[in-house]
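For our numbering, add 140 to where a residue sits in the sequence shown, where the first one is 1. Using N, Cα and C, we set each Cβ at its ideal position, and we do this for glycine too. Structure first, then comments.
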Amino acid sequence: MSGDVDEADRLARVTLSRAIEPGDLRVTGLVSELGAGKVLGYLEAAAEVESHWGFGIAQELGRVDPAQVLEQAAARGIRFIVPGDAEWPTQLGALRDAGALHDRGGEPFGLWVLGSHDLRHLAGNAVAVVGSRAATSYGTEQATELSRDLATMGHTVISGAAFGVDQAAHRGALLAGGPTIAVMPGGVDRPYPAAHAQLLETIAERGLVVSEAPPGAGPTRTRFLARNRITAGLAEGTVVVEGAVRSGAMNTAHWTTNLHRPLMGVPGPVSSVASTGVSQLIRLGSASAVTNAQDVVTDVMTHAARAAGDGADLVDESFVPGPVRSGPQAVPAGASPSATPWR
């Protein structure tokens with residue numbers, strides 16, 4: 141952590157994180173504009189005005205002991221990082237201007253992190269690989285191979301540790317010996333799904349498990365939706381491997397578009413219902429079609445070069461990588477796509 145962050149600000153953000161739902165637009169924007177301390181004081185004053193929108197929040201704020209929350213988290217190996225910390229991924233600041241989806245949005249107050257690696261370092265060269273929970277064998281195979289090759293090429297793979305494509309993405313990165321980041325809808329100490337407890341333990345050892353929700357928080361629909369913007373916000377670009385038109389993967393895709401970052405899709409069989417969302421993204425021009433890791437790296441590099449204003453024409457798209465051979469490595473039980481139940 142960095143000395144640039146005032147301790148009072150950190151404690152205020154802990155209190156807000158404990159009392160307010162992730163991505164609450166009524167508060168995230170105010171915190172970005174005014175600072176956590178001022179917003180906390182404003183909300184605490186609402187405890188005296190029953191008709192105020194913040195009245196219910198104020199009741200929750202009064203029950204939080206932020207110093208105790210940090211102490212209890214630290215005892216479980218969990219740290220809380222905030223904007224201004226040396227470990228804070230500055231690219232999350234783009235969420236301030238990325239609009240809203242399903243009433244969620246804004247830069248998070250902070251992130252709860254489990255694992256010894258540095259989040260800013262890992263997220264500095266990261267690609268999100270997301271997709272359907274009810275993935276087909278084609279989808280899990282593509283996610284595993286793509287993520288393995290991205291990790292071999294030096295990229296961190298970000299996903300959500302769910303069944304299907306997410307766990308295949310993490311598994312591929314782990315097979316290559318690379319780091320991976322799991323962004324959770326609940327607390328980092330609450331494995332979800334429970335069947336992936338061992339997978340998440342391995343991710344924490346070789347990468348990071350992060351969440352906007354505080355320790356102990358369970359997953360809810362709102363927290364899933366808020367989580368998706370963190371996944372997109374941490375990554376340089378997002379790849380969708382299978383996904384229905386209405387799905388969490390499509391929500392993450394929309395956040396990627398709102399952030400003006402590369403959105404990519406792995407084409408699936410035209411007869412596959414699992415790939416309808418990806419096919420639509422490609423058909424409408426929202427996503428580029430990618431078939432291997434080199435395609436992904438080319439899209440990400442081209443976008444970065446254009447954003448920097450130079451070098452866009454120097455990216456060599458003619459390079460076709462040879463097959464990547466990864467030696468066998470220990471992967472936790474339950475991490476195999478074929479052994480994962482559909483949901």
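Residue range of the alpha helix (DSSP H) that includes residue i
{"i": "A152", "result": "E147 to A159"}
{"i": "M506", "result": "This structure cannot settle anything about residue 506, because the visible part of the chain is limited to 141 through 483."}
{"i": "V323", "result": "First-last for V323: T320 to M324, but that is the beta strand (DSSP E), not the alpha helix (DSSP H)."}
Run of the beta strand (DSSP E) containing residue i, from where it starts to where it stops
{"i": "V270", "result": "A266 to G271"}
{"i": "L488", "result": "In the structure as shown, the chain starts at 141 and stops at 483, and residue 488 therefore has no counterpart that could be examined."}
{"i": "A301", "result": "Note, A301: premise wrong, no beta strand (DSSP E); not H, not E."}
{"i": "R348", "result": "One detail in the question is off: residue 348 reads as Leu in this sequence, not Arg. Note, L348: beta strand (DSSP E), L348 to S351."}
{"i": "T378", "result": "G377 to V381"}
Own chain partners of residue i with C-beta closer than 6 Å, once the 5 adjacent residues on each side are dropped
{"i": "A353", "result": "P162, G326, G327 and R363"}
{"i": "L170", "result": "V179"}
{"i": "R89", "result": "Because the chain spans 141 through 483 in this model, residue 89 falls outside it and cannot be assessed."}
{"i": "V350", "result": "L251, V253 and V323"}
{"i": "A313", "result": "S287, A291, V297 and T320"}
Minimum C-alpha distance to residue i - residue among the options
{"i": "V413", "options": "P355, A448, Y278 and V269", "result": "Y278"}
{"i": "T416", "options": "G255, Q231, G271 and A366", "result": "G271"}
{"i": "L421", "options": "W193, D289 and P402", "result": "P402"}
{"i": "H400", "options": "M390, G373, L424 and V380", "result": "G373"}
{"i": "R288", "options": "G264, L201, T280 and A316", "result": "A316"}
{"i": "F220", "options": "L232, V154 and D144", "result": "V154"}
{"i": "V385", "options": "M293, R423 and A433", "result": "R423"}
{"i": "Q231", "options": "L259, D144 and M390", "result": "L259"}
{"i": "S355", "options": "G217, R203, A152 and Y182", "result": "Note on identity: in this sequence residue 355 is Pro, with Ser being the wrong assignment. The residue with the shortest Cα to Cα distance from P355 is G217."}
{"i": "V145", "options": "P359, G181 and A226", "result": "A226"}
{"i": "T168", "options": "D243, G425, P359 and D329", "result": "D243"}
Other residues of its chain near residue i: CB distance less than 8 Å, five sequence neighbours each side excluded
{"i": "M404", "result": "G377, T378, V379, V380, A427, S428, A429, V430, D435, V436 and D439"}
{"i": "L262", "result": "T296, P319, I321, G347 and L348"}
{"i": "S172", "result": "R236, G246 and E247"}
{"i": "S387", "result": "S272 and G417"}
Beta-carbon separation (whole angstroms), residue i vs residue j, contact threshold 8 Å
{"i": "I298", "j": "T371", "result": "6 Å"}
{"i": "A240", "j": "L165", "result": "5 Å"}
{"i": "L339", "j": "H295", "result": "Actually they do not touch by this definition, with Cβ atoms about 20 Å apart."}
{"i": "A283", "j": "A308", "result": "4 Å"}
{"i": "V418", "j": "P409", "result": "With 8 Å as the limit, V418 and P409 do not qualify as a contact, their Cβ atoms being about 11 Å apart."}
{"i": "L197", "j": "L183", "result": "First, the residue type needs correcting, since residue 197 is Ile and not Leu in the sequence shown. At roughly 6 Å, the Cβ-Cβ gap stays under 8 Å, so I197 and L183 are in contact."}
Cβ-based neighbour list, residue i, same chain, cut-off 7 Å, excluding 5 preceding and 5 following
{"i": "E200", "result": "A159"}
{"i": "M293", "result": "A433 and V437"}
Legend entry - Three-pair Cβ contact test at 8 Å for the segment 328-340 versus the segment 297-305: yes
Inset, instruction - Could you tell me whether the segment 236-250 touches the segment 201-216, where touching means 3 or more Cβ pairs closer than 8 Å? - result: no
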